[in-house]
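Residue numbers (UniProt numbering), protein chains in the order written: chain A, 1 to 88; chain B, 1 to 88; chain C, 1 to 88; chain D, 1 to 88; chain E, 1 to 88; chain F, 1 to 88; chain G, 1 to 88; chain H, 1 to 88; chain I, 1 to 88; chain J, 1 to 184.
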Amino acid sequence: MEPITGKALILAASAIGAGLAMIAGIGPGIGQGYAAGKGAEGVGRQPEAQGDIVRTMLLGAAVAETTGIYGLIIALILLFANPLVGLL
Amino acid sequence: MEPITGKALILAASAIGAGLAMIAGIGPGIGQGYAAGKGAEGVGRQPEAQGDIVRTMLLGAAVAETTGIYGLIIALILLFANPLVGLL
Amino acid sequence: MEPITGKALILAASAIGAGLAMIAGIGPGIGQGYAAGKGAEGVGRQPEAQGDIVRTMLLGAAVAETTGIYGLIIALILLFANPLVGLL
Amino acid sequence: MEPITGKALILAASAIGAGLAMIAGIGPGIGQGYAAGKGAEGVGRQPEAQGDIVRTMLLGAAVAETTGIYGLIIALILLFANPLVGLL
Amino acid sequence: MEPITGKALILAASAIGAGLAMIAGIGPGIGQGYAAGKGAEGVGRQPEAQGDIVRTMLLGAAVAETTGIYGLIIALILLFANPLVGLL
Amino acid sequence: MEPITGKALILAASAIGAGLAMIAGIGPGIGQGYAAGKGAEGVGRQPEAQGDIVRTMLLGAAVAETTGIYGLIIALILLFANPLVGLL
Amino acid sequence: MEPITGKALILAASAIGAGLAMIAGIGPGIGQGYAAGKGAEGVGRQPEAQGDIVRTMLLGAAVAETTGIYGLIIALILLFANPLVGLL
Amino acid sequence: MEPITGKALILAASAIGAGLAMIAGIGPGIGQGYAAGKGAEGVGRQPEAQGDIVRTMLLGAAVAETTGIYGLIIALILLFANPLVGLL
Amino acid sequence: MEPITGKALILAASAIGAGLAMIAGIGPGIGQGYAAGKGAEGVGRQPEAQGDIVRTMLLGAAVAETTGIYGLIIALILLFANPLVGLL
Amino acid sequence: MGTTDFITMFFEWLATFEPRALILASTAIAAGLAMIAGIGPGIGQGFAAGKGAEAASLNPKSAKSASMVMLLGAAVAETSGILSLVVALIMLYANPLVNTDGAAIILSASVIGAGLAMIAGIGPGIGQGYAAGKGTEMVGKRPQYQPMIVRTMFLGQAVAQTTGIYALIIALVLMFANPLVGLL
Ligand code: NA
Ligand code: NA
Ligand code: NA
Ligand code: NA
Ligand code: NA
Ligand code: NA
Ligand code: NA
Ligand code: NA
Ligand code: NA
Ligand code: NA
């Protein structure tokens, strides 16, 4: 039976930190959904501009994705390349 | 009750981290629902463009899903392929 | 067997602080998604102004990204250049 | 082996406080994204007023950035110029 | 070896309190961004009223800033003029 | 060397309580920003009614400020006129 | 040296409870700000109905204030007329 | 000198529970404020229907108040008629 | 001196759980307030349809109330018919 | 190991309780957390209610079919609220974790994780309610296209439900098929 070490505490906190970081994903989900709705509205109104509308929607959605990716990267670092345990 | 070990603490924190990661799902739920509403509005206004509207709505909703999937993946990693306990 | 040290506590808190900082990413995700939607709507209505619309959308989205970047920077500092352990 | 001191506790709490302060960034992200969307809409409708629209958008966005900067400053103070450890 | 004192606990809690207080900044960020968007829309539509529009936008934004400032003041008090440690 | 007393615990909790109370400021920030945006829009459309519009905007914003002030007052009481330590 | 008593724990929790209760103030702040914006818009459009508009806005805002007041009352009870310490 | 008893722990948790319950008040505050804004808009447009508009606004706002009242009731029960300490 | 029993821990956690459950009330408050606003707008537009408008508003609001009731029920179970202490 | 290691002290204090008590206390908090999902349906269905009232004022002739769509759409938007209620009731009355073999700290954290995961239900509740409201609006305006409008609404609502389902699955795994206790 081994007691709680400092390393274990850091790894436990990393699991929670990874979960917290994913919460950022709320933002792109809402924003890109808004873009999807406006895109669908647009192609209904101007079917001839469908290409332009969808391209702009996807370009804007790609920009809106970044902070969700940042959260994912921080979570993956905490889980798979944890720099904190090395500092101990 | 038997004392809490470091490994147990990491696994406990992983359970909470998995729960937190799922909260990201708020975003796609709101966003895709917005798209659904605009899609329903669109097909009512331009029934002849139904195909284009629904296709654009679904494409946009697929994009809006990703950060919810990221949250799910992090939760699944924490539960089924936990890399943290191996670092102990 | 090494017990929990002050350094370990700071590093554990840094993991959680990094996760919290990423939550800022909700904002740019929502805001830029709104811009994407308005951009898509705009190019559908005024295809001839597509260049101006997309440029304004991207300029505004770049401004909206900053606080997400601030959060990322604070998280990266906490993980890779932690100034707190040096103060101990 | 050094135990958990009062200083370590303050520094650990500072890491969490810095993370919390960054959450303020949600606001400017949403608000400036809204401004970006309205700006893009505006230049599509009145391309001749593009200069005025973009200038007003950027002026308003600068005002909306402040509380995100406040959060960043408090986080940087907690990390790099922590006044609390000196009070101990 | 110096143990954790009551003073240290108060200072640690102050770091977290300061971080929490900054979260108020979400509000002005969203609100002022909305004002920025409406201002940009307005000057596009009525360029001749630009002065009035921008002045009203800035006046309203100044009013919307106050609670963000309150949060900043409470955080600065906790960090630089902490009245709680004196009560001990 | 003085250990953690009940008084210290109350004061530490007061620091966190003060920070939490400031979060109320999100509301007036968003609401008054909305009013600012509608005010700016209004003076652009009806410049001749600018006086009435701005006066109504400010009256409404004053009403919207109250709960932010309540939060500030509770925080100031916790920091400068803490009634809880007297109850001990 | 006096250790932490049950009374101290209750009073510490009361400080945090008071802070949490104030968060309710987000609601009236947003809602009344919305009313302020619509009121300002209304008096711009129908200056002749200013009296009716402002009266309805204030009546509705008074109704919207109540839950913010509830939060304030609970916080004041916890701070100045704490019934919990008497139950000990 | 009396140490922390189970009763004290329950009462401390009740203070926090009461504070959490008040957060429900965000909802009625936002919703009723929206109703106030639409009511003010309505009486400006159709002053002759003022009676009907205000009556409908108040009826709807009364319905929107209920969950805020539920939160208040739970908080008052926790503070003044705590059933949990009796179960000990 | 009696130590904290498992029963006391469960009852303390029940107080916090009851408070958390009430947070659900944010939703019906916002939603029903929106309905109130649209109802007030509607009766202003077609006073002759007041009966149908108010009936639809109330029917929809009743549906929107349910999850607030669910939260209340769970809180009341935790406070007055706690099944958890019986499982101990 | 000095007296200053309050973290170890805290876990030692937790270890003084019977394992069951720790799990049951966590369950009380988790049930409360799960209910927070109710924010979603409340907002969404309220939006639908407002659109229903609006439809009744704009086009009294189609008010009945608009009300039908409002109720149908709102019923779908209730899903996350019901799922959270069911999960909370299972936690309170049939919690499988209290009889699971394993470290109490992991089982306690697992039930809290399950409660946190259910909060995701806010999203589908708001989103589906918005769709219900827009469906109601359009059926009120153009009742002749009701089938197409309602079909699109349902399709979109189904897409909006997925992250709520993911959360439910994670919660059920944590409660009924916990992979973490076996790792110890
Ligand atoms: Na982005
Ligand atoms: Na996405
Ligand atoms: Na920015
Ligand atoms: Na600002
Ligand atoms: Na203000
Ligand atoms: Na107010
Ligand atoms: Na109210
Ligand atoms: Na209600
Ligand atoms: Na409901
Ligand atoms: Na989905």
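Quick reminder that beta carbons are idealized off the backbone N, C-alpha and C, glycines included.
#1: Please list, in chain order, the chain I residues whose beta carbon lies closer than 9 angstroms to that of residue 78(H).
#2: Could you name the residues of the segment 24-51 of chain C whose beta carbon sits closer than 9 angstroms to any beta carbon of chain A, in the order they occur along the chain?
#3: DSSP on residue 76(D), reduced to helix/strand/coil?
#4: Using a Cβ-Cβ cutoff of 7 angstroms, what residues of the segment 78-110 of chain J are near chain I? List them in chain order.
#5: Using a Cβ-Cβ cutoff of less than 8 angstroms, which residues in the same chain neighbour residue 74(D) once the five nearest sequence positions on both sides are dropped?
#6: Are the CB atoms of residue 11(B) and residue 173(J) within a distance shorter than 8 angstroms?
#7: Please list the terminal residues of the continuous alpha helix (DSSP H) segment that includes residue 41(C).
#8: Closest Cβ-Cβ distance between residue 71(D) and chain F: below 8 angstroms?
#9: Residues of the UniProt domain "V-ATPase proteolipid subunit C-like" (112-174) of chain J with a CB closer than 9 angstroms to any CB of chain C: list them in chain order, please.
#10: Alpha carbon to alpha carbon, how far is residue 121(J) from residue 68(H)? Give it in angstroms, no decimals.
#11: Would you say residue 64(A) touches ligand 1, meaning its beta carbon is less than 7 angstroms from a heavy atom?
#12: Mark residue 51(I) as exposed unless 16 or more other C-beta atoms lie within 10 angstroms of its C-beta, in which case mark it buried.
#13: Kindly indicate if chain I contains any beta-carbon less than 8 angstroms away from that of residue 182(J).
#14: With distances taken from CA atoms, which of 31(J), 137(J), 169(J) is nearest residue 89(J)?
#15: Check residue 5(J) in the structure and name its three-state DSSP category.
#16: Could you check if residue 1(J) is buried or exposed, using at least 16 other CB atoms within 10 Å of its CB as the buried criterion?
#17: Closer than 7 angstroms: is that where the CB of residue 50(C) sits relative to any heavy atom of ligand 8?
#18: Counting only the same chain and skipping the five closest in sequence on each side, list residues whose C-beta sits under 7 angstroms from that of residue 24(J).
#19: Just to confirm, does residue 56(B) get its C-beta within under 7 angstroms of one of the non-hydrogen atoms of ligand 5?
#20: With a threshold of 16 other CB atoms inside 10 Å of the CB of residue 86(F), please say whether the residue is buried or exposed.
#21: Work out the CA separation of residue 14(A) and residue 4(D) for me, nearest whole Å.
#22: So that I know if they touch, is there some Cβ in chain J lying closer than 8 angstroms to that of residue 74(B)?
#23: Using 10 angstroms around the beta-carbon of residue 31(H), count the other beta-carbons present and answer buried if the total reaches 16, otherwise exposed.
#24: Quick check on residue 11(G) - is its C-beta less than 8 angstroms from some C-beta in chain F?
#25: Beta-carbon distances below 7 angstroms to any heavy atom of ligand 10 define the shell here; list its residues in chain order, please.
#26: Which of the three DSSP states, helix, strand or coil, is assigned to residue 82(I)?
#27: Could you compute how far the alpha carbon of residue 37(F) sits from the alpha carbon of residue 62(F)?
#28: When burial is assigned at 16 or more other CB atoms within 10 Å of the CB, is residue 60(F) buried or exposed?
#29: Is the Cβ of residue 5(E) closer than 8 angstroms to any Cβ of chain D?
#30: Assign residue 48(E) to one of three DSSP states: helix, strand, or coil.
#31: Leaving out five residues on either side along the sequence, give the residues of the same chain with a beta carbon under 8 angstroms from the beta carbon of residue 184(J).
#32: So with CB distances below 8 angstroms, who are the chain A contacts of residue 63(C)?
#33: Using a C-beta cutoff of 8 angstroms, does residue 68(C) count as contacting chain A?
Taking the geometry as given:
#1: What you label residue 78(H) is simply residue 78 of the eighth sequence in a count that begins at 1. What residue 78(H) touches in chain I: 15, 18, 19, 79.
#2: Answer set for the segment 24-51 of chain C: 24, 25, 26, 27, 28, 29, 30, 31, 32, 33, 34, 35, 36, 37, 38, 39, 40, 41, 42, 43, 44, 45, 47, 50.
#3: To locate residue 76(D), count along the fourth sequence from 1; it is residue 76. If DSSP states are grouped into helix, strand and coil, residue 76(D) belongs with the helices.
#4: Contact residues of the segment 78-110 of chain J toward chain I are 78, 81, 85, 88, 92, 93, 98 (C-beta to C-beta distance below 7 angstroms).
#5: Locating residue 74(D) in the fourth sequence gives position 74, where the first residue counts as 1. So the list reads 17, 18, 21, once near-sequence residues are dropped.
#6: Your numbering for residue 173(J) matches position 173 in the tenth sequence. Your numbering for residue 11(B) matches position 11 in the second sequence. Not closer than 8 angstroms, so no.
#7: Taking the third sequence and counting its residues from 1, one reaches residue 41(C) at position 41. Start and end: 26-45.
#8: Along the fourth sequence, one-based indexing puts residue 71(D) at 71. Residue 71(D) does not count as touching chain F.
#9: none
#10: The sequence position of residue 68(H) within the eighth sequence is 68, counting from 1. The sequence position of residue 121(J) within the tenth sequence is 121, counting from 1. Going from the Cα of residue 68(H) to the Cα of residue 121(J) covers about 21 angstroms.
#11: Numbered from its first residue, the first sequence carries residue 64(A) at position 64. Result yes, Cβ under 7 angstroms from ligand 1.
#12: As a working note, residue 51(I) is residue 51 in the ninth sequence. Looking at its Cβ environment, which holds fewer than 16 other Cβ atoms inside 10 Å, residue 51(I) is exposed.
#13: Within the tenth sequence, residue 182(J) is the residue found at index 182, counting from 1. Chain I contact via Cβ: absent.
#14: In the tenth sequence, residue 89(J) corresponds to position 89, counting from 1. Per the Cα distances, 31(J).
#15: In the tenth sequence, the residue the question calls residue 5(J) occupies position 5. Note: residue 5(J) maps to coil in three-state DSSP.
#16: For the purposes of this step, residue 1(J) is identified with residue 1 of the tenth sequence, where counting begins at 1. Reliability fails at residue 1(J), whose pLDDT of 36 lies under 50, so the model's placement of it is uncertain and the value that follows must be treated cautiously. The residue is exposed, with fewer than 16 neighbouring Cβ atoms inside 10 Å.
#17: Sequence index remark: in the third sequence, residue 50(C) carries index 50 (1-based). Not under cutoff, so the answer is no.
#18: Counted from its first residue, the tenth sequence places residue 24(J) at position 24. Closer than 7 angstroms at the Cβ level, and outside the excluded window around residue 24(J), lie 98.
#19: Along the second sequence, read from residue 1 onward, the residue named residue 56(B) stands at position 56. No, the beta carbon of residue 56(B) sits no closer than 7 angstroms to any heavy atom of ligand 5.
#20: Taking the first residue of the sixth sequence as 1, we reach residue 86(F) at position 86. By the 10 Å Cβ count, residue 86(F) comes out exposed.
#21: Taking the first residue of the fourth sequence as position 1, residue 4(D) is located at position 4. Taking the first residue of the first sequence as position 1, residue 14(A) is located at position 14. Whole-angstrom Cα-Cα distance: 19 angstroms.
#22: Along the second sequence, read from residue 1 onward, the residue named residue 74(B) stands at position 74. Residue 74(B) does not count as touching chain J.
#23: The count along the eighth sequence starts at 1 and reaches residue 31(H) at position 31. It is buried - the Cβ of residue 31(H) has at least 16 other Cβ atoms within 10 Å.
#24: Working through the seventh sequence from its first residue, we reach residue 11(G) at position 11. Yes, its Cβ sits closer than 8 angstroms to a Cβ of chain F.
#25: 28(B), 29(B), 32(B), 61(B), 65(B), 68(B), 159(J), 160(J), 161(J), 162(J), 163(J)
#26: On the ninth sequence, residue 82(I) is found 82 positions in, with the first residue counted as 1. In this structure, residue 82(I) counts as coil in the three-state DSSP scheme.
#27: Working through the sixth sequence from its first residue, we reach residue 37(F) at position 37. Working through the sixth sequence from its first residue, we reach residue 62(F) at position 62. Using only the alpha carbons, I get a separation of about 16 angstroms.
#28: Position 60 of the sixth sequence, counted from the start, is the residue given in the question as residue 60(F). Buried.
#29: As a position in the fifth sequence, residue 5(E) is number 5, starting the count at 1. For residue 5(E), the nearest CB of chain D lies under 8 angstroms from its own CB, placing it at the interface with that chain.
#30: As a working note, residue 48(E) is residue 48 in the fifth sequence. Reduced to three states, the DSSP call for residue 48(E) is helix.
#31: The residue you call residue 184(J) lines up with position 184 of the tenth sequence. Only 102, 103, 106 meet the Cβ criterion.
#32: As a first step, residue 63(C) is located in the third sequence; it is residue number 63 there, counting from the start. What residue 63(C) touches in chain A: nothing, since even the nearest Cβ is about 12 angstroms away.
#33: Along the third sequence, one-based indexing puts residue 68(C) at 68. Output row for residue 68(C): interface = yes.
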